[in-house]
Structure formats: C-alpha cells, structure tokens
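J.: First the structure, which I've put down as structure tokens, then a few questions once you've had a look.
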C-alpha cells in the first residue's frame, strides 16, 4: 500500500472517512455509524472552567507547534500504552498543515506546551482528531478557544468521530451516518476560513464568545 498522503486525507474527509493506525502501524479507514459530533452553537463551558479562564493561566496559540501537539497526542497514556497516531499519520497531517488545512490550538504555561488539540478544516467543517494535556484544564481551555474560532468564522460542523466520555463532557452527541453525511455535504458547500497561523497569545485578545 502506498504511503498515506495529504491528498488521501482530503479525499477521506470529504467522503466521511478517516484513518487510524493499528498497534503495528497498519492503517485502516473508518466511517462510524453512529457518528459523534459536537453542536457548535450549543456548547457551554462548564462552571468549573470559568475561574480558570478568568485567571488567564494559559497562553493560547495556533499552529505554533503543530507537530509537537500531534506527538504529544500520540504519546502513551497512563491507562493505555497504545496509540493510533503513527509516524506515517503524523507526516501526512504535517503536510496537510503546510497546505493550510490542518490546525492545532495550543495551551502554554510558563512558556511550555501544556495541552492542546489538532484537527482538519475543510469548507465549514472542522474534524477534531485528538487532544492531550500535561497540566490540568489545558486541553479544556484549548477546546474552549477552538469553539470560539469556529463560531466566529461561521463553521457549521464539528466532527469528533467516535463518542466517549472525553467528548461527552464537551456536549458531543451521536447521529446516524446518513444524517452526518447530509450535514457534511452542507458544510463542504460553504467556505469558512479557520484563523490563520498566529504565534500571538489569543488570551490577550479574547474572542467575542468568551463570556
């Protein structure tokens, strides 16, 4: 099988499928039914997060260290030493990032990457891939800013692929694949621009939704 490319990823996303690597590095394509999404307009931050946001603990940056976020997401977790993010996947997504279609939202504390997430932006759909944190609340704050960017830029769909407890806390729901494909088509027909690469701290200039 040919090596995974950025073009493969684009083809996959616009057709409702995405790749994951097995423990031996073998790639498989998935199209879950049901599919998990997070309604962008109905997201509300948990009350416990507001004090963290008000204290401005984290610096928030976009694509300052995209590969670093991916490798942190790929690192073994305490409860699971396996990962679906292989070196082949990292290389392909980094190519997608160079094309302006992949983005990371990063939370820094004391100048060090403390948490973040990454995903793919096509049309007005954002496909969330993975998140991590080494400092409590860092990934939650990064997600909070992601929602702000998606709302501000008029995105229609936030795809989170599979349902689990982690995405449920952000308001994820499951919908039939047929419904997902209809939403995807509508989102791909509209062009929304994700915030351009920005090494400045977004927390210094909060987006309008932060209230």
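Residue numbers (full-length UniProt numbering): 1 to 211.
The beta carbon of each residue, even a glycine, is placed where N, CA and C say it ideally should be.
1. Straight-line CA distance for residue 195 to residue 164?
2. Residue 144 to residue 114, Cα distance in whole Å?
3. Would residue 9 and residue 120 be called neighbours here (beta carbons separated by less than 8 Å)?
4. Less than 7 Å between C-beta atoms, sequence neighbours within five positions excluded: which residues of the same chain meet that for residue 52?
5. Taking the beta carbon of residue 61 as the centre, do at least 16 other beta carbons fall within 10 Å, making it buried, or is it exposed?
6. Sorted by chain position, which residues of the same chain lie with C-beta nearer than 6 Å to residue 157's C-beta, five sequence neighbours on each side aside?
7. Within 10 angstroms of the Cβ of residue 99, are there 16 or more other Cβ atoms? Answer buried if so, exposed if not.
8. Spatial neighbours of residue 127 within its chain, please: CB distance less than 6 Å, with the 5 preceding and 5 following residues excluded, ordered by chain position.
9. Which residue marks the beginning of the beta strand (DSSP E) containing residue 19, and which one marks its end?
10. If you check the beta carbons only, do residue 116 and residue 104 fall under 8 Å apart?
11. Once DSSP output is grouped into helix, strand and coil, what is the label at residue 67?
12. Can you give the Cα-Cα distance for residue 63 and residue 106, rounded to whole angstroms?
13. Decide if residue 4 is buried, meaning its Cβ has at least 16 other Cβ atoms within 10 Å, or exposed.
T.: The structure says:
1. Looking up residue 195 in the chain shown gives position 195. Looking up residue 164 in the chain shown gives position 164. Residue 195 and residue 164: Cα-Cα distance of roughly 27 Å.
2. Translated into the one-based positions of the chain shown, residue 144 becomes position 144. Translated into the one-based positions of the chain shown, residue 114 becomes position 114. Going from the Cα of residue 144 to the Cα of residue 114 covers about 15 Å.
3. Taking the first residue of the chain shown as position 1, residue 9 is located at position 9. Taking the first residue of the chain shown as position 1, residue 120 is located at position 120. In contact: residue 9 and residue 120 (Cβ atoms closer than 8 Å).
4. In the chain shown, counting from the first residue as 1, residue 52 sits at position 52. Answer for residue 52: 137 and 141, listed in chain order.
5. Translated into the one-based positions of the chain shown, residue 61 becomes position 61. It is buried - the Cβ of residue 61 has at least 16 other Cβ atoms within 10 Å.
6. Here the question's residue 157 lines up with position 157 in the chain shown. Close CB contacts of residue 157 within its chain, under the 6 Å cut and outside five residues either way in sequence, are with 125, 183 and 187 (chain order).
7. Taking the first residue of the chain shown as 1, we reach residue 99 at position 99. The Cβ neighbour count for residue 99, taken over all protein chains shown within 10 Å, is under 16; the residue is labelled exposed.
8. If you number the chain shown from 1, residue 127 lands on position 127. Listed in chain order, the non-local C-beta contacts of residue 127 below 6 Å within the same chain comprise 13, 119, 120 and 159, local neighbours out to five positions each way being set aside.
9. Taking the chain shown and counting its residues from 1, one reaches residue 19 at position 19. Run containing residue 19: 18 to 21, per the beta strand (DSSP E) assignment.
10. The count along the chain shown starts at 1 and reaches residue 116 at position 116. The count along the chain shown starts at 1 and reaches residue 104 at position 104. With contacts defined as CB atoms closer than 8 Å, residue 116 and residue 104 qualify as a contacting pair.
11. In the chain shown, the residue the question calls residue 67 occupies position 67. The three-state secondary structure of residue 67, taken from DSSP, is helix.
12. Residue numbering aside, residue 63 sits at position 63 when the chain shown is read from its first letter. Residue numbering aside, residue 106 sits at position 106 when the chain shown is read from its first letter. The alpha-carbon atoms of residue 63 and residue 106 are separated by roughly 7 Å.
13. Residue numbering aside, residue 4 sits at position 4 when the chain shown is read from its first letter. By the neighbour-count definition (other C-beta atoms within 10 Å, threshold 16), residue 4 is a buried residue.
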